[in-house]
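J.:
Residue numbers (this note's numbering): 7 to 353.
1) Touch check for the region 75-86 and the region 31-51: three-plus C-beta pairs under 8 Å?
2) If residue 108 and residue 257 are in contact, beta carbons under 8 Å, what's the gap, nearest whole angstrom?
3) Determine whether the beta carbon atoms of residue 94 and residue 66 lie at a separation below 8 Å.
4) With DSSP collapsed to three states, give me the class of residue 244.
5) Answer yes or no: the CB of residue 197 versus the heavy atoms of the ligand SAH, is any distance below 7 Å?
6) Would you mind listing the beta strand (DSSP E) stretches within the region 191-223 that are 3+ residues and don't spill past its ends, in chain order?
7) What is the DSSP secondary structure of residue 169, reduced to helix, strand or coil?
8) Look up residue 118 in the DSSP assignment and say whether it is helix, strand or coil.
9) Please confirm whether residue 177 and residue 138 have their CB atoms less than 8 Å apart.
10) Give the single residue among 286, 224, 206 and 230 whose Cα lies nearest to the Cα of residue 216.
11) To test your reading of the DSSP string, which unbroken beta strand (DSSP E) runs of 3 or more residues are found completely within the region 250-310?
12) Which residues share a DSSP beta bridge with residue 149?
13) On a CA-only basis, which of 277, 143 and 252 is nearest residue 59? Give me that one, please.
14) In this structure, how does DSSP classify residue 355 when only helix, strand and coil are distinguished?
15) Ignore the nearest five residues each way along the sequence and tell me which others in residue 197's own chain have a CB closer than 7 Å to its CB.
16) Would you identify the three-state DSSP class for residue 71, choosing helix, strand or coil?
17) Give me the DSSP bridge partner(s) of residue 133.
This is the structure:
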């Protein structure tokens, strides 16, 4: 297998966990103010997903808000933009997933009109005005889509037939209207893509049959995860994603057994999570310009301060595709996970 150069020693790493459930935390989105969106809780009985929003600079307990959709059983805060608007998904009492937009204290439910029975809708990323995510159709296949937050219009994100995708997930978008995501293929591989204005390029870490792109910034730096020949999951950063020859480097938490990178801001700050020797999933912030040092956020995590919110339902507008660009992200093995079955098996 081709060796991918490591960039781990050019970052500093900070573990950030909520002490309410220090066994399971995922940091998923970060904006240019270094405000982080994420959640704690594995989704297992007694450990529901609890969304939170965490502010810089020191990520103290006083800088966090727990942000759950009212009356939802579980909530994941995933993407965040410069205005502090977030997107994600919540789970109702019946186990259905619904995407949401959270802005100025109000949650708006987002459900793509093409969604099949056994509802699964998830919004995973956003820029200044558009969100991207995926829905699951009646046949159990995932489809990427975009969502205009102002007009409530949906757009289709579908890689070309030459990619041979069977299930697609759109994961992130930037203010260039670039979209990244990944798809499962007919040959049982997982490939990623970069899309802009209907043009698609593949993103695949050399030598890996499982590459998942989760985040993109204005500089077209892309982060995500890949699985190596030994079945180990690594984080990666790709530069030049809009070219036919991107440069890939791995980024791994120094003492973790698996690393997944999910979000990157325009300054190159990266969020994600890693698995430790005890089997715990820990949130991590990776800052460029470091030397591979590891630390823990002050207070050993974050507090639980509830944020009140109201819930509205977005109109189901125009089931046909719009002109907007969308992307798609591959499906998960369980209703509460953002990540594909292959990644889950690897960690």
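In this text, a Cβ means the ideal position worked out from N, Cα and C, and glycines have one as well.
What you are looking at is a predicted structure, and each value in this text was computed from that prediction instead of being measured.
T.: In terms of the structure at hand:
1) A contact exists between the region 75-86 and the region 31-51.
2) The C-beta distance from residue 108 to residue 257 rounds to 29 Å, too long to meet the 8 Å contact threshold.
3) No.
4) Three-state result, residue 244: strand.
5) Questions concerning the ligand SAH fall outside what the structure shown contains, since it holds no ligand whatsoever.
6) List check, beta strand (DSSP E) in window: 196-202, 205-209 and 217-222.
7) Of the three classes helix, strand and coil, the one that applies to residue 169 here is helix, per DSSP.
8) Residue 118 carries a coil assignment under DSSP once its states are collapsed to helix, strand and coil.
9) It is a contact, given that the beta carbons lie within the stated cut-off.
10) For the options 286, 224, 206 and 230, the alpha carbon positioned closest to that of residue 216 is the one of 230.
11) As far as the region 250-310 is concerned, its whole beta strand (DSSP E) runs of at least 3 residues are 253-257, 264-270, 276-281, 287-294 and 300-302.
12) By DSSP's assignment, residue 149 forms a beta bridge with 141.
13) With distances taken between CA atoms, residue 59 lies nearest to 277 out of 277, 143 and 252.
14) The requested residue 355 is not part of the displayed model; the chain covers only 7 to 353.
15) So the qualifying residues of the chain are 169, 188, 189, 191, 208, 210 and 217.
16) Reduced to three states, the DSSP call for residue 71 is strand.
17) DSSP lists no partner for residue 133.
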